[in-house]
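Visitor: Structure below; questions to follow.
In structure tokens form, the structure reads like this:
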């Protein structure tokens with residue numbers, strides 16, 4: 030059933046997650062914003078700012094519409110893992126994640142029809158197995174990682190996750206519990 034809100038994302042994963050819980054957006058309008066972290070910005074601040082800026086970017090051209098936006102990053106220590114631009118960069122990311130625990134942070138923002146903003150942060154911990162060079166090379170060659178920061182847990186990488194503490198949907202890119210509650214709070218039922 031189509032619900033009256035805009036998904037400010039071109040991610041098929043986010044749309045599919047919403048469909049799982051019966052929330053098909055009336056419109057999909059990806060936001061075009063600068064995603065450069067500010068100097069000294071903590072990862073949690075960054076991901077919340079990105080979700081808010083994406084929602085605001087779409088809402089400014091769609092007054093009186095409910096807008097849902099989200100942003101997801103992988104964090105190792107305090108370092109935000111950006112989208113790799115080459116196989117070599119992705120190989121470095123995989124080597125860094127190998128055998129370590131990292132966090133996946135997702136900011137979710139909803140702007141209601143009156144322009145009020147509501148924002149939530151979803152935090153997940155993932156323990157990755159120690160990856161062999163062959164596993165890293167095969168994952169890089171799969172190119173599943175293209176277009177996302179780090180990896181897609183819903184693909185080959187799912188077989189390398191020893192433990193996930195948190196929300197699987199949050200790791201995919203949209204924590205459904207938070208998104209549903211924010212949408213309900215904005216009048217989308």
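In my numbering, the protein residues as written are 30 to 218.
Just so you know, even glycine gets a beta-carbon here, dropped at the ideal spot from N, CA and C.
1. So, under 8 Å CB-CB, residue 60 and residue 37 are touching, yes? Tell me the CB distance rounded to an integer number of Å.
2. Classify residue 194 as helix, strand or coil using the three-state DSSP reduction.
3. How about residue 149 and residue 207: are their beta carbons less than 8 Å apart?
4. Does the pairing of the stretch 120 to 134 with the stretch 142 to 157 give three or more beta-carbon distances under 8 Å?
5. Taking 8 Å as the threshold (C-beta atoms), are residue 215 and residue 100 in contact?
6. Assuming residue 46 and residue 196 form a contact by the criterion Cβ under 8 Å, report the distance between their Cβ atoms to the nearest whole angstrom.
7. Rounded to whole angstroms, how far is the Cβ of residue 274 from the Cβ of residue 58, which I believe are closer than 8 Å?
8. If you follow the beta strand (DSSP E) that residue 185 is part of, which residue opens it and which one closes it?
9. Return helix, strand or coil for residue 136, following the three-state DSSP convention.
10. Please report the straight-line C-alpha distance between residue 31 and residue 54, rounded to a whole angstrom.
11. For residue 50 and residue 35, what's the separation of their Cα atoms in angstroms?
12. Could you tell me whether the stretch 180 to 192 touches the stretch 70 to 88, where touching means 3 or more Cβ pairs closer than 8 Å?
13. Suppose only complete runs of 3+ residues qualify. What are the beta strand (DSSP E) ranges in the stretch 82 to 140, listed by chain order?
14. For residue 176, does the count of other Cβ atoms within 10 angstroms reach 16, so buried, or fall short, so exposed?
15. For a test of the three-state rule: what should DSSP assign to residue 71, helix, strand or coil?
16. Run the CB neighbour count on residue 107, radius 10 Å, all protein chains shown included, and call it buried at 16 or more, exposed below.
17. Please state the DSSP three-state secondary structure of residue 217.
Guide: Reading from the atomic positions:
1. 5 Å
2. When secondary structure is reduced to three states using DSSP, residue 194 falls in the strand class.
3. Yes, the Cβ-Cβ distance between residue 149 and residue 207 is below 8 Å.
4. yes
5. no
6. So it is not a contact: roughly 10 Å between Cβ atoms.
7. For residue 274 there is no data in the structure shown, the boundaries of the chain being 30 and 218.
8. Neither: residue 185 is in no beta strand (DSSP E) and is coded neither H nor E.
9. strand
10. 6 Å
11. 16 Å
12. Segments in contact, no.
13. Unbroken beta strand (DSSP E) stretches of 3 residues or longer found wholly inside the stretch 82 to 140: 96 to 105, 108 to 110, 130 to 140, given in chain order.
14. Residue 176 comes out exposed.
15. In the structure shown, residue 71 sits in coil (DSSP, three-state: anything other than H, G, I, E or B).
16. exposed
17. coil
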